[in-house]
Amino acid sequence: MSNVELTIEPNSKDLGDNFVVRRSLPDRRKRMVGPFIFWDHMGPVTLVKGKGMKVRAHPHIGLATITWLFAGEIMHRDSLGNEQAIRPGEVNWMTAGNGIVHSERSEVEEGSAELEGIQLWLALPKEHEDVDPSFYHCKINDVPQILMDGMKLHLIAGEEFDMKSPVPVYSDLFYMFGEAEKGRDFNLNLKDDFEGAVYVVDGSISVEGKEYGKYNLIIFKKGSEIDFKLTSETKFMVFGGEVFPEKRFMWWNFVSSSEQKIEEAKIKWKNNEYPPVINEDEIIPLPES
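Just so it is clear: in the sequence shown, position 23 is 24 by this note's numbering, and no numbers are missing.
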């Protein structure tokens, strides 16, 4: 019997100024994988002077964001007063909780620069949806590394393989970046209440005899086994976590187990009731629908 629940090829989304990302979650067939509710792969793209990545100030509730870069640099600014650059190998974790506003920019002063990375959202457990917002930056040397024969894993968040990331999390999960040689095998048994998945950043893998190339997301059944072979030198993300008992609603940048809280957040943003972002004077207005 197959352990694979679903495979997803991403949709392209324009974030504005012709900056396009590949979006794998949410999908109409699968809204979440454990607490992971949103998955964007930005780049690889070459930015030039005057045409950097510009994500103007916008609000969030009920979720946490994680940013991980393969190339380039992004400046994070938020309504708590944080102003933090992130570079490859580092982690930015932002807990929205009861409400935060942030912006993200990747400016090019001279010449050109490459940018590539993954940004995702995790829904917060119902009992933590209204926590105060916070921000955590993890330096490259503080991200645990798991070394196997021909394979290196970076434990971005959560716990796995008897190691724990210092990044604060609110539910039981794991999130790793892997680099492996051709011919290596990856195997991980999911907990009974866990869903899990692997995303191919570059290269290719074989799952149950079927080969998948870059940008494919392979989702495994709850409580099963994540098992694949590297059919080329490959970079991949592997992640999973406990499944929440309640449904999650998502509208624009808001996530909640309560539709009413999303409506309240919409009104609050429309009425300019959120605090401003440090050193940022541009905002994204509330969508019309």
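Note that beta-carbon positions come from the ideal geometry of N, C-alpha and C, so glycine has one too.
C-alpha of ASP131 to C-alpha of MET149: approximately 39 Å in a straight line. About 15 Å separates the beta carbon of GLY90 from that of ILE147, a gap too long to meet the 8 Å contact definition. Of the other Cβ atoms in all chains shown, fewer than 16 fall within 10 Å of the Cβ of VAL21; this residue is therefore exposed. Between the C-alpha atoms of PHE237 and ARG88 there is a straight-line separation of about 18 Å.
For ASN188, the closest of ILE119, PHE221, ASP28 and VAL170 by C-alpha to C-alpha distance is PHE221.
Per the DSSP secondary-structure output, PHE37 pairs in a beta bridge with VAL34 and LEU123. Burial state of GLU196 is buried, judged by a 10 Å Cβ sphere holding 16 or more other Cβ atoms. The way I'd put it, the region 238-256 doesn't touch the region 50-57; fewer than three beta-carbon pairs between them come closer than 8 Å. Taking the CA atoms as reference points, PHE162 sits about 11 Å from PRO145.
Apart from the 5 residues on each side of it in sequence, ILE285 sits with its Cβ closer than 6 Å to the Cβ of ARG57 and HIS59 in its chain, given in chain order. Scanning PHE39, SER113 and ASP203 for the CA closest to the CA of GLU74 turns up SER113.
Annotation for LYS192: no beta strand (DSSP E) segment contains it, and DSSP assigns it neither H nor E. In this structure LEU174 touches GLY35 by the C-beta definition: roughly 6 Å separates them, less than 8 Å. Counting C-beta atoms within 10 angstroms of its own C-beta, GLN261 has fewer than 16 neighbours from the protein chains shown and is therefore classed as exposed.
Around the beta carbon of ILE268, a 10 Å sphere encloses fewer than 16 other beta carbons of the protein chains shown; the residue is thus reported as exposed. Residue pairing of TRP252 in beta bridges, as defined by DSSP: PHE255.
Excluding the 5 residues flanking it on each side, ASP193 has same chain C-beta neighbours closer than 7 Å at GLY224, in chain order. Apart from sequence neighbours up to five positions away, the residues of its chain that approach SER13 with a beta-carbon distance below 7 Å are VAL21 and ARG23, ordered along the chain. In the same chain as LYS31, and ignoring 5 residues on each side of it, the C-beta atoms closer than 8 Å to its own belong to GLU6, LEU7, ILE9 and ILE220, in chain order. Collapsing the DSSP output to three states places LYS271 in a helix.
By the criterion of a C-beta distance shorter than 6 Å, TYR200 is surrounded in its chain by LEU218 and MET238, once the five residues flanking it on both sides are discounted.
For THR96, the pairing in a beta bridge is given by DSSP as ALA65 and SER135. The alpha-carbon of ASN190 is positioned some 42 Å away from that of VAL278.
DSSP places VAL21 in the uninterrupted beta strand (DSSP E) bounded by 21-26. THR8: member of the beta strand (DSSP E) spanning 5-9, first to last residue. For SER233, same chain residues with a beta-carbon under 6 Å away, outside a window of 5 residues either side, are LYS183, GLY204 and SER205 in chain order. Under the three-state reduction of DSSP, ASN142 is assigned to helix. Close CB contacts of GLY44 within its chain, under the 6 Å cut and outside five residues either way in sequence, are with LEU116 and GLU117 (chain order). Where VAL208 is concerned, the enclosing beta strand (DSSP E) starts and stops at 205-208.
Straight through space, the alpha carbons of LEU154 and LYS271 are spaced by roughly 42 Å. Proximity to ASN83 across LEU287, PRO276, PRO288 and SER290 peaks at PRO276, based on C-alpha coordinates.
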